[in-house]
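Colleague: Following numbering that gives the first Met the number 0, the numbering of the sequence shown begins with 0 at its first residue and continues without gaps. Where is the CB? At the ideal position from N, CA and C, for every residue including glycine.
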Amino acid sequence: MCKTIICIDPGSKISGWAIFKGKKLMAHGTVKCLDVNQRINKRLYTIFTEYTKLREHLKKKKITLSAVYLEKLNHQTHYFTLFSSGAIITAFGDIEVFDDKIPASQWKKYHGLKGKDKGEPIVKCFISKYPEEVCSSEDEMEAVLMGECIVNGTN
């Protein structure tokens with residue numbers, strides 16, 4: 000039986016996610032918390048609530064996640080992104096969470112990208128691999144690309 004996982008690129012404004020069943024991309028999207036003037040507790044609550052809604056939606060569809068993968072954060076990560084990772088982990092509760100398995104440098108190398116690549120190189124890489132998919136943000140694309148690396152056993 001194929002495992003179903005969710006891969007998440009946590010962020011301070013936009014968090015991208017991608018769901019894979021086995022090696023197949025099943026769904027992807029974003030959680031947005033764009034109002035940076037909002038108090039931190041309200042922003043974190045928004046992130047927690049949106050990921051909880053996603054989890055409940057998956058349960059209704061009878062989709063059981065076997066693991067949650069968050070991109071490994073480095074020491075230069077914005078403090079809010081660290082907090083948002085905690086909110087995401089809390090939303091997925093009893094599901095095994097891996098938050099230290101795959102740094103950006105690893106999945107980017109897998110796709111032939113450089114560690115600091117952002118913007119156009121990410122978009123071009125995504126479109127070359129998933130020409131039929133539409134994403135609303137680079138964070139969403141990164142979650143899909145990270146997930147592809149994970150499901151192909153390079154984590």
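Return the chain-ordered list of same chain residues with a C-beta closer than 6 Å to the C-beta of residue 67, the five sequence neighbours on each side being excluded.
Modeller: 5, 91, 94 and 96
Colleague: Can you tell which of 20, 7 and 31 has its C-alpha closest to the C-alpha of residue 135?
Modeller: 31
Colleague: Less than 9 Å between the C-beta atoms of residue 141 and residue 118, yes or no?
Modeller: no
Colleague: Can you name, in chain order, every residue of its own chain whose Cβ lies under 7 Å from the Cβ of residue 47, other than the five neighbours on each side?
Modeller: 86, 89 and 90
Colleague: Could you give the first and the last residue of the continuous alpha helix (DSSP H) run that contains residue 77?
Modeller: Per DSSP, residue 77 belongs to no alpha helix (DSSP H) and is neither H nor E.
Colleague: Determine the direct distance from the alpha carbon of residue 60 to that of residue 20, and round the result to whole angstroms.
Modeller: 14 Å
Colleague: Using three-state DSSP, classify residue 56 as helix, strand or coil.
Modeller: In this structure, residue 56 counts as helix in the three-state DSSP scheme.
Colleague: Residues in the same chain with beta-carbon distance under 7 Å from residue 151, minus the five sequence neighbours each way, listed in chain order, please.
Modeller: Same-chain partners within the cutoff: 22.
Colleague: What is the DSSP secondary structure of residue 124, counted as helix, strand or coil?
Modeller: helix
Colleague: Drop a sphere of 10 angstroms on the beta-carbon of residue 186, count the other beta-carbons inside from all chains shown, and report buried for 16 or more, exposed for fewer.
Modeller: In this structure the chain extends from 0 to 154, so residue 186 is not present and cannot be described.
Colleague: How about residue 120 and residue 113: are their beta carbons less than 9 Å apart?
Modeller: yes
Colleague: Who pairs with residue 150 in a beta bridge, going by DSSP?
Modeller: Per DSSP, none; premise fails for residue 150.
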